[in-house]
Amino acid sequence: SYVVCSLAAGQGLKVKALIGEWYYAVVDSHAGYIHRTDVTISSSAVAGMGMLKQGMKGEEVMKLQRALYDRGFLTKDNISGTFTSKTRKAVMEYQQAMGLSADGIAGSATLSTVYDSSNKLEKANADFYRLKGTVVLLDWFKGGNEWLHKGARFTVTDVRTGKSFRAKRFGGWYHADSEPITKYDTSIIKSLEGFSWNRRPIWVTYNGKTVAASMHTMPHMANPTPSNGFDGHFCIHLYHSKVHANSKECPRHQRCVQEAYSAGKKH
Numbered sequence: 010s011y012v013v014c015s016l017a018a019g020q021g022l023k024v025k026a027l028i029g030e031w032y033y034a035v036v037d038s039h040a041g042y043i044h045r046t047d048v049t050i051s052s053s054a055v056a057g058m059g060m061l062k063q064g065m066k067g068e069e070v071m072k073l074q075r076a077l078y079d080r081g082f083l084t085k086d087n088i089s090g091t092f093t094s095k096t097r098k099a100v101m102e103y104q105q106a107m108g109l110s111a112d113g114i115a116g117s118a119t120l121s122t123v124y125d126s127s128n129k130l131e132k133a134n135a136d137f138y139r140l141k142g143t144v145v146l147l148d149w150f151k152g153g154n155e156w157l158h159k160g161a162r163f164t165v166t167d168v169r170t171g172k173s174f175r176a177k178r179f180g181g182w183y184h185a186d187s188e189p190i191t192k193y194d195t196s197i198i199k200s201l202e203g204f205s206w207n208r209r210p211i212w213v214t215y216n217g218k219t220v221a222a223s224m225h226t227m228p229h230m231a232n233p234t235p236s237n238g239f240d241g242h243f244c245i246h247l248y249h250s251k252v253h254a255n256s257k258e259c260p261r262h263q264r265c266v267q268e269a270y271s272a273g274k275k276h
């Protein structure tokens, strides 16, 4: 190796790429390598250099954050256009999942794969991360019953595991009597903790809205769709929902509704 040129402190240069610990940079008519510890990247720098790292800002950073959000590695409230420590953590998780070098810097390999529409990689609980920060509390008797109307097909996200499945409301008046749509959905429900009366905090997403709710996983009584492998139905409670048997609120369901709401707030 040899010295291409000498740089003075504060002298500007244009970084073209990051290779290991070295930047490939251009200064006037000279091109060469400089160690990354000898360079300070401007906080407003963006991806003309084919890489993004913590501290950068701009449209390219926001584009990366949206892609990470779409794949479930970043929450919606972290799409800011600033490459924060949370963005770096999301990049590292994505790189690990892709089998790339997990340095938290979005170089050409990371950017090309994260933007590749043929790459179907998503975090296992992608829906959980996409929905976090958007969850609302909805009173069953003040719009909840009408929103989650009979016949509605919706997505349920289990707050404690991040797993999601599809379901349909077929009945109920004080709460939503519901059933999984397919055998696959039934398998997701069973994977939560078997078939149990234990209450679980969930998010229900329908018509662009996500609402804090509670459910159990025990199939019982009416069984509208035997082909789904769920021998009965399960109950979904929203804020202030009641039990059909006694027309009273279930404290355990309501505690889970509050847990779901708290988990869905922005942090």
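Each position in the sequence shown, counted from 1, maps to that position plus 9 in this note's numbering.
For glycine and all other residues, C-beta sits at the position ideal for the given N, C-alpha and C.
Secondary structure of residue i, DSSP reduced to three states
i, result
"C265", "helix"
"E258", "coil"
"W206", "coil"
"R80", "coil"
"R75", "helix"
"M227", "coil"
"A34", "strand"
"R162", "strand"
"G152", "helix"
"S121", "helix"
"D186", "strand"
"L61", "strand"
"R169", "coil"
"T195", "helix"
"K85", "helix"
"K98", "helix"
"V252", "coil"
"F137", "helix"
"T143", "coil"
"A40", "strand"
"A272", "helix"
"T46", "helix"
Sequence-distant residues of its chain with Cβ nearer than 7 Å to residue i (five each side left out)
i, result
"M71", "I88 and G90"
"F204", "T226, M227 and P228"
"A176", "F163, V165, S187, E188, P189, I190 and D194"
"T234", "E188"
"M107", "T122 and L130"
8 Å Cβ cutoff met for residue i and residue j
i, j, result
"A222", "W212", "yes"
"A231", "G217", "no"
"T84", "V100", "no"
"R178", "L146", "no"
"N237", "K172", "no"
"L61", "L73", "yes"
"R169", "G81", "no"
"C259", "P210", "no"
Residue-chain proximity (residue i, chain C), Cβ-Cβ < 8 Å
i, result
"G142", "The question asks about chain C, but that chain is absent: this structure has only one protein chain."
6 Å CB neighbourhood of residue i in its chain, flanking five on each side removed
i, result
"K95", "N87"
"G180", "D186"
"H262", "R208, S223 and H246"
"G57", "With a pLDDT of 48 at G57, under the threshold of 50, the modelled position of this residue cannot be trusted; read the value that follows with caution. Taken in chain order, the list of residues that qualify is empty."
"W149", "L247, H249 and S250"
"A161", "R178 and Y215"
"V252", "C259"
Environment of residue i [buried if 16+ CB atoms lie within 10 Å]
i, result
"K257", "exposed"
"K132", "buried"
"Y248", "buried"
"S6", "No statement about residue 6 is possible, as the shown extent of the chain runs from 10 to 276 and does not include it."
"D194", "buried"
"A254", "exposed"
"A54", "Model confidence at A54 stands at a pLDDT of 39, short of 50, so the residue's coordinates are unreliable; what they give is reported in the following sentence. Flag for A54 reads buried."
"G152", "exposed"
"V35", "exposed"
"E69", "buried"
"Q105", "exposed"
"K159", "exposed"
Cut-off 8 Å between Cβ atoms - residues of its own chain near residue i, not counting five sequence neighbours on either side
i, result
"S52", "Residue confidence is low: S52 scores 39 on pLDDT, short of 50, so the model does not pin down where it sits. No coordinate-derived value is stated."
"T143", "K85, T219 and G273"
*Please determine if the segment 186–195 and the segment 122–135 are in contact, where contact requires at least 3 C-beta pairs separated by less than 8 Å.*
Of all C-beta pairs linking the segment 186–195 to the segment 122–135, fewer than three are shorter than 8 Å, placing the two stretches out of contact.
*Say whether the segment 264–271 touches the segment 218–232, bearing in mind that this needs 3 or more beta-carbon pairs closer than 8 Å, one atom from each stretch.*
Yes: at least three Cβ pairs fall under 8 Å.
_When you compare the segment 96–116 with the segment 157–172, are there three or more beta-carbon pairs, one atom per stretch, that lie closer than 8 Å?_
By the Cβ criterion, the segment 96–116 is not in contact with the segment 157–172, since fewer than three pairs of Cβ atoms, one from each stretch, lie closer than 8 Å.
*asked:* With three or more C-beta pairs closer than 8 Å as the rule, is the segment 135–144 touching the segment 104–113?
replied: Cβ pair count under 8 Å is below three, so no.
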